[in-house]
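Contents: one structure, followed by commentary.
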Amino acid sequence: MLNRADNDFLTRSSKDTPMGELLRRFWMPALLSEELPERDGPPRKVKILGEDLLTFRDTNGRVGVVQPHCPHRGANLFHGRNEECGLRCAYHGWKFDVDGNCVDLPAAPPGSAHKDTVKLLSYPAREWADIIWIYMGPSEHVPELPQLEMGLVPASHRYVSKKWQDCNWVQSLEGAIDTAHFSFLHAVLTKDEREALAIYSRSAALGDQSRPDDRVRWVRNDPRPKFAILGHDAGLVIGGARRTDGPDLYWRIAQFLMPNHAYAPVAFPGEVYYGQTWLPVSDTDCWIYTYSWRPDRPFTDAERAQFDNGFGVHSQVDDNYMPVRNIRNDYLIDRTVQKTTSFTGILGVSEQDAAIQDSQGPIQDRTREHLGPTDLGIVEFRKMIMSAARALQRGEAPKAVSGKRYAVRSGGWVAAPDRDLAAVMTERFGHPHGYVGHEHGLGD
Amino acid sequence: MLNRADNDFLTRSSKDTPMGELLRRFWMPALLSEELPERDGPPRKVKILGEDLLTFRDTNGRVGVVQPHCPHRGANLFHGRNEECGLRCAYHGWKFDVDGNCVDLPAAPPGSAHKDTVKLLSYPAREWADIIWIYMGPSEHVPELPQLEMGLVPASHRYVSKKWQDCNWVQSLEGAIDTAHFSFLHAVLTKDEREALAIYSRSAALGDQSRPDDRVRWVRNDPRPKFAILGHDAGLVIGGARRTDGPDLYWRIAQFLMPNHAYAPVAFPGEVYYGQTWLPVSDTDCWIYTYSWRPDRPFTDAERAQFDNGFGVHSQVDDNYMPVRNIRNDYLIDRTVQKTTSFTGILGVSEQDAAIQDSQGPIQDRTREHLGPTDLGIVEFRKMIMSAARALQRGEAPKAVSGKRYAVRSGGWVAAPDRDLAAVMTERFGHPHGYVGHEHGLGD
Amino acid sequence: MLNRADNDFLTRSSKDTPMGELLRRFWMPALLSEELPERDGPPRKVKILGEDLLTFRDTNGRVGVVQPHCPHRGANLFHGRNEECGLRCAYHGWKFDVDGNCVDLPAAPPGSAHKDTVKLLSYPAREWADIIWIYMGPSEHVPELPQLEMGLVPASHRYVSKKWQDCNWVQSLEGAIDTAHFSFLHAVLTKDEREALAIYSRSAALGDQSRPDDRVRWVRNDPRPKFAILGHDAGLVIGGARRTDGPDLYWRIAQFLMPNHAYAPVAFPGEVYYGQTWLPVSDTDCWIYTYSWRPDRPFTDAERAQFDNGFGVHSQVDDNYMPVRNIRNDYLIDRTVQKTTSFTGILGVSEQDAAIQDSQGPIQDRTREHLGPTDLGIVEFRKMIMSAARALQRGEAPKAVSGKRYAVRSGGWVAAPDRDLAAVMTERFGHPHGYVGHEHGLGD
């Protein structure tokens, strides 16, 4: 439970808010690369952390992310011409490059100094792992790009999507690191394991579909996983252990990575890894970038088609990345299915998550919540991000974390009952924090 | 005319407003019974007096009206599972019964005291007369259900509907007790009495359609009824007397019943009685529950079909109880019909009322009105309800009115010119306040 | 660049704002005459300078513009009956004439003085030049109607239209007197003069389509016209001179007329004249009345059909005067056309203007603009209108300008390089301010 002030502190991220300042010290996903497919193509509007921005890809393929209004008379450069390495305003022809420099001022007298003094606000942008990332903080503090493993594997080994969500980003991220809810929200009702498998496979994150029945059953049967947390430079390892059929424990281990990434807890060795990154649009909606990757091999066309259709944590979306099942159509809930087959009557793990997270309200009111032992990951996440924001308020910049510290994995494992989380992580990943950077030449 | 402060006082009913506190001392209609048809069926969202609530019918048929957000993490129980005498949250399985008690907490350790301390806000609900009523006030002050006669007759003898209205509830109720406007708003233009009858019958509240012509004419010919008011424990008798063809007076007598009911002034003996109850949703919209009843016999299927189609004070509505003719389509006004046939060009008495009431604005600005002698009923209504709200502000609870005091009728009568309202009521109903409780075994 | 306070001062025009007070000292276009086609026809809602009003044409053809709510109970007279020289409220029959006098009070006792004391707010209205004008200022200061030349020519010689625009009126008017943007916003890309002509003729204001190629080329080739301004009693002459193929200068000369009119700078002798008048609806939208006229001859049916379809400064609109290409559909921008054919990819001069003006924001933020020499007309316009509003704040009414001072023209001319603006105007129109009132019997 938070008091009103802390709830605002945690969830508000427009300019000049403490959390907004903190987020602006990190790289944010602004667009999928595929959203700016063409050099000199149409510019595209985006809204990020409450700021209206304009993006374009120039003649050389570079991406610009700029304030949209021309400094001359305030016309929106969205109507501008993207040509010859710059965006030219449709009103009077002023032209700016991807860095916001004024490169042509046709109405100014030759020799005018205006061109050198006029500047369009521009944020640094980098294209990496099929995503366009931008940095909106002070220029003397640009951090390294987070070396998420999905960007370290060949493009053929990853799949990246995005979806819109109609609520504050924090409660959505909290849903992702809360692995206790799998016993309910994503549960299937049927006792027929084969049917459960078919249904669950439609909506779950399983790479190997031949024998996930044990895990489905273990998750359903134990609604009280024991939680353990390990902090590291880039975030938190969040483990939840459930009973199995014998003395061993079934661990589902997620990762939170500062400040807005979370990794799913499902993958056994040889299965698909999933992660998500949140981009606050305003305080009451966000984009969720979702990625799957396999360190071991490329995805097949069939697997990609399955993802396209909304498999696993990926959502089924329309051409504008809006989920087909969303708050405006009650997620196409089917109350008969809810009675007979699935816990929610809503199709898709991603859609089940969206429904329950949106339902917490545009911004969850945490002054009325009652947290318990299974919410430990959420508590630790809040501590970590709020104390970083408070430190920044005091003038202490976020630790300059090496980008490679983000090269971690998360997933599932069955371990002897006496192993602690660090031991389980080491068994599963060879490292207590799941670090795999060395496999990609990043050293230890 | 009211000053700004009094207009606000009269019309605002969210929590912590004086009028809101007063209304919360009475039973409010929350839903039609038919809106929760099924045990363990889907929960339904409602908004009442500005509060978002959730309703559900449990395994035993009991209805719960609860705060919609789960105390655990704030997920909306709308997505929950209605099963085995309780509503179970879809996020982590917390479960609550119709009284808001926590009956299952699967994620809490066995023996945890949490279950006994966690409580979901719940309002008492009763099902009576095809309506689900709720009480939102202090638990030590629950009043008796108002014994409206439509609830005392067999179900076969009543017909209940509801409709949405896009304005503050007070101006709508004021329209219902203002019987002067029948000479205009609901008037027909044609001089052909048979045609007038046909049109008027489509839209009027007449049981006997063989000779209402006199009344239509009397109402049209006398736009200045003389008003008289009689107060009683449960409300006001509001009589308006018009000239007839001879020396007698044609009385149309409505009832206002505290705090949000009104009865129509039309029924002659042997005709259908009509009443309405207002439910403020927010301060700028409301539900209107409308009921017809006959003490003497069941409604026929043909009569019910007529009501279904928007006869009399009932509105023609869609599956969501939204009027087919509403503010968003200008009530399908036909300006040619307005020139030639009906005063408004709008079809239906209910729709004519809605149009003119909505047109007063989301909340009527009473600082600019000019009331006259024919507005006496409205003036007395405001006095009664505002003084009750002021008394409650001073700590004086509303009088504990016996529910049976609501067992009254209203209607029309033709009386000698020397009779006062009490005498006319006694002639017409056998009692100066129209009390008929003794006919239903409620005593005197 | 303006500071925040001045930007508000310039752009806000609701009641009790300084600019609102200034505008209320002038006649405002409320409707096209064609919008109230019928005597005793349906009343029509309008919103002007933030005020909701109701208009109707009475039995004698007179137009009333009144406050919409009946003084009795606040019902909207929109539902009223327009009959026998007055509008009768549908609720209780109160009736008002076009001057707001109460002419019938059926519910009041005979002899009641109420009728003489009740008054409906009404603004004086005049019908002139196919437009209904209203005056919303103090009754002791009613000015003369501005004698715009389009109203002085026979009806056959003019064409009047209107269109909705989704931004503050000031930035839209500023776009109209900014003739520098023709080198960009309305430019065509093709080098083929014949194709340019065809495209440009679709969208430009040219009467003689046989050889405008020179002008198109001159405008395209010189993006830095030299500006000169001449003030006069009714407004400003705003000239911009561009290079031609020889030593002469090509002048494009607009007019701003107080407080909300602008004339286009294109017409050579024998061509069509264009003007526009802005009507603020709220501070973030407006109606633009657009008119073409020929002093010399009637428009042909073919020319009128061309205007109907959105030729020149006229927009292609639907039955509600909403532009077919508007902010909600991104003006049907075609990015391929923008690459190959026209500077914007948007069809129509009027639509290109709307797109760029809307894009400046609901109210342009002038605190961030950077004006230059080609923005001189805009600077002088702001000085003139803001100083008039400040004078009115000090109690100095706007100069009582004779209506005939609005009888001016604007247009284009090719002049020797040594001529100043007054000389060019005299060469082109016979008068340094373009005055032509004497041609219409208004004297000098």
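Chains as they are written, first to last, in the working numbering: chain A, 1 to 444; chain B, 1001 to 1444; chain C, 2001 to 2444. Each residue gets a CB set at the ideal place from its N, CA and C atoms; glycine is no exception. The structure displayed is predicted, hence computed values, not measured ones.
Check, Outcome
"Anticipated Cβ contact below 8 Å, L2002 of chain C with R2366 of chain C, distance rounded", "4 Å"
"W1413 of chain B classed as buried or exposed, judged by whether at least 16 other C-beta atoms fall within 10 angstroms", "buried"
"Contact list for the stretch 85–101 of chain A against chain C, Cβ threshold 7 Å", "A90, Y91, H92 and G93"
"Proximal residues to P2432 of chain C (C-beta, below 7 Å), its chain only, five neighbours per side dropped", "L2230, A2422, M2425 and T2426"
"Residues bridged to D1104 of chain B (per DSSP)", "B:K1095"
"Residues of its chain near H261 of chain A, where Cβ-Cβ distance is below 6 Å and the 5 sequence neighbours each way are ignored", "T277"
"Beta-bridge partners of Q1276 of chain B, as assigned by DSSP", "B:A1262 and B:T1290"
"Length-filtered (4 minimum) alpha helix (DSSP H) runs lying within the stretch 337–379 of chain A", "349–359"
"Residue-chain proximity (A2107 of chain C, chain B), Cβ-Cβ < 7 Å", "yes"
"Sequence-distant residues of its chain with Cβ nearer than 8 Å to D2208 of chain C (five each side left out)", "Here D2208 of chain C scores only 47 on pLDDT, less than 50, and its place in the model should not be relied on; the value that follows carries that caveat. Cβ neighbours of D2208 of chain C beyond the five flanking positions: F2268, G2270 and E2271."
"Coarse secondary structure for L1236 of chain B, derived from DSSP in three states", "strand"
"Pair within 7 Å by beta-carbon distance, A2264 of chain C and Y2274 of chain C", "yes"
"CB of G1493 of chain B within 7 Å of CB of K1115 of chain B, strictly", "As shown, chain B starts at 1001 and ends at 1444. That puts residue 1493 of chain B outside it, with no answer to give."
"Beta-carbon spacing of V1098 of chain B, R1039 of chain B below 7 Å", "no"
"Three-state secondary structure assigned by DSSP to F299 of chain A", "coil"
"C-alpha gap between G411 of chain A and I131 of chain A, whole angstroms", "24 Å"
"Residues of its chain near N2309 of chain C, where Cβ-Cβ distance is below 7 Å and the 5 sequence neighbours each way are ignored", "Q2316"
"Whole-angstrom distance between P373 of chain A and P259 of chain A, CA atom to CA atom", "23 Å"
"Sufficient close CB pairs (3 or more, under 8 Å) joining the stretch 1340–1347 of chain B to the stretch 1143–1154 of chain B", "no"
"Residue-chain proximity (W1360 of chain B, chain C), Cβ-Cβ < 7 Å", "Per the sequence shown, the amino acid found at residue 1360 of chain B is Gln instead of Trp. Yes, Q1360 of chain B counts as interfacial toward chain C."
"Reduced DSSP secondary structure (H/G/I, E/B, other) of F1078 of chain B", "helix"
"Option nearest F1299 of chain B by Cα separation, candidates B:C1167, B:R1158 and B:A1180", "B:R1158"
"Nearest to D1285 of chain B (by Cα), restricted to the options B:R1088, B:L1022 and B:W1164", "B:W1164"
"Coarse secondary structure for A2129 of chain C, derived from DSSP in three states", "coil"
"Q393 of chain A vs C167 of chain A beta-carbon contact at 7 Å", "no"
"Rounded Cβ spacing between P1280 of chain B and W1169 of chain B (contact assumed at less than 8 Å)", "5 Å"
"Residue span of the alpha helix (DSSP H) that contains R4 of chain A, given as start and end", "R4 to T11"
"Residues that I2356 of chain C contacts on chain A, provided the C-beta gap is smaller than 7 Å", "A75, H79, A90 and Y91"
"Meets three-Cβ-pair contact criterion under 8 Å: the stretch 1024–1031 of chain B and the stretch 1004–1012 of chain B", "no"
"Beta-carbon neighbours of V2118 of chain C, restricted to chain B and to distances below 7 Å", "H1370"
"Collapsed DSSP secondary structure at D1214 of chain B in the structure displayed", "helix"
"Distance, E380 of chain A Cα to G443 of chain A Cα", "29 Å"
"Identified DSSP bridge partners for E51 of chain A", "A:I48"
"Straight-line gap, T1190 of chain B to P2109 of chain C (C-alpha atoms, nearest Å)", "26 Å"
"F2026 of chain C (DSSP reduced to helix, strand or coil)", "coil"
"Helix, strand or coil at Y1321 of chain B according to DSSP, with G and I counted as helix", "coil"
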